[in-house]
Amino acid sequence: MHDRRLDDAALDRLLADASHGFAFPPTPTFALPARRASASRRLVVALALGILVALAAASVAAGALGIGPLRVIFTDQPPEQLAPPASASRLALGRLTTLMDPAIGVPLLAPPDLDVPQAYVSADGARASLVWGSTAELPPAGASNIGLLVMAISGDMDRAWLEKLVDAGLVTIEDVTVRGEPGLWIHGPHVLRFRHAGADGDEASRLVGDALVWSDGTTLYRVESGLGRDATIALADGMMPVRR
Numbered sequence: 001m002h003d004r005r006l007d008d009a010a011l012d013r014l015l016a017d018a019s020h021g022f023a024f025p026p027t028p029t030f031a032l033p034a035r036r037a038s039a040s041r042r043l044v045v046a047l048a049l050g051i052l053v054a055l056a057a058a059s060v061a062a063g064a065l066g067i068g069p070l071r072v073i074f075t076d077q078p079p080e081q082l083a084p085p086a087s088a089s090r091l092a093l094g095r096l097t098t099l100m101d102p103a104i105g106v107p108l109l110a111p112p113d114l115d116v117p118q119a120y121v122s123a124d125g126a127r128a129s130l131v132w133g134s135t136a137e138l139p140p141a142g143a144s145n146i147g148l149l150v151m152a153i154s155g156d157m158d159r160a161w162l163e164k165l166v167d168a169g170l171v172t173i174e175d176v177t178v179r180g181e182p183g184l185w186i187h188g189p190h191v192l193r194f195r196h197a198g199a200d201g202d203e204a205s206r207l208v209g210d211a212l213v214w215s216d217g218t219t220l221y222r223v224e225s226g227l228g229r230d231a232t233i234a235l236a237d238g239m240m241p242v243r244r
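Going by this note's numbering, the first residue of the sequence shown is number 1, and it counts up by one from there.
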């Protein structure tokens, strides 16, 4: 019997010859068509935007909107049911004082061309307010006889210390820039709520109108004005530190 075993070289030649008789299918492409790839990218972007919008809405609903020690809380209650309007004598701003009072523990800002304002300070010195009465140049802010109120609040205060209760159906809130810092313009009647200075847990609320708020990183500033958004921002941009 003859030995028909093949060595490695002969086996390679045999397989090579046999391969010429087979037709291989074309190599498939794994790239998506341009239109389908573009549609996929649009879908991913749309989903990402939807998630961001949902997160923003959830944070607003949770009352997370705010700056420094101030937070904005959305409510469906009419503002006049939450607090009555207040005159300059009933603002619950603290003790009437002077600009030179050493108890004032926050830096103050004021327009340089206005008369000397009434000054108020909280019992702990962490909040101070300057108040000007309404004039021909300073129309009433909201329902009060205040022409301008500039409040300075220590940024070290607890965030729940100062709140704005806002009915989204009556009030608009805009992101603005004030003195180079991010701020909020709150247009419409809303409620300002804060604790009485020196009284743990005792709160005061009052109805206010348009307000501008911003923070320089250490102090929160809040301005009540009847001048409108652009004029109020311009007024704030031109304020100077009060020399004490």
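All C-beta atoms in this analysis are idealised placements derived from N, C-alpha and C, irrespective of residue type, glycine included. These figures come from a predicted structure and were not determined experimentally.
Residue span of the beta strand (DSSP E) that contains residue i, given as start and end
{"i": "D230", "result": "Careful: D230 lies outside any beta strand (DSSP E), inside the alpha helix (DSSP H) at 229–237."}
{"i": "S154", "result": "146–154"}
{"i": "D175", "result": "172–178"}
{"i": "P182", "result": "181–187"}
{"i": "R71", "result": "70–74"}
{"i": "T219", "result": "219–225"}
Assumed close pair residue i, residue j - CB separation to whole angstroms, cut-off 8 Å
{"i": "I153", "j": "V106", "result": "7 Å"}
{"i": "V208", "j": "L184", "result": "Actually they do not touch by this definition, with Cβ atoms about 14 Å apart."}
{"i": "T97", "j": "A119", "result": "5 Å"}
{"i": "A236", "j": "R222", "result": "No, A236 and R222 are not in contact; Cβ-Cβ is about 10 Å, not under 8 Å."}
{"i": "T232", "j": "V166", "result": "Going by Cβ atoms, the distance from T232 to V166 rounds to 18 Å, so no, they are not a contact pair."}
Residue i burial status per 10 Å Cβ neighbour count (16 or more: buried)
{"i": "A126", "result": "buried"}
{"i": "G169", "result": "exposed"}
{"i": "P117", "result": "buried"}
{"i": "T218", "result": "exposed"}
{"i": "R95", "result": "exposed"}
{"i": "P189", "result": "buried"}
{"i": "G68", "result": "buried"}
Beta-carbon contacts of residue i that lie in its chain and below 7 Å, excluding the five residues immediately before and after
{"i": "E181", "result": "W214, S215, D216"}
{"i": "P111", "result": "L235, G238, M239"}
{"i": "T250", "result": "Only positions 1 to 244 of the chain appear in this structure, which leaves residue 250 out of reach."}
Contacts around residue i, its chain only, beta-carbon distance under 6 Å, and the 5 residues preceding and following it disregarded
{"i": "L148", "result": "W132, L138, S225"}
{"i": "A141", "result": "G209, E224, S225, G226"}
{"i": "L93", "result": "Y120, S129"}
{"i": "G66", "result": "V72"}
Own chain, CB closer than 8 Å to residue i, minus 5 neighbours either side, in chain order
{"i": "R244", "result": "L99, M100, I104, L108"}
Every unbroken beta strand (DSSP E) inside the stretch 93–143 [3 residues or more]: 95–97, 118–121, 127–133
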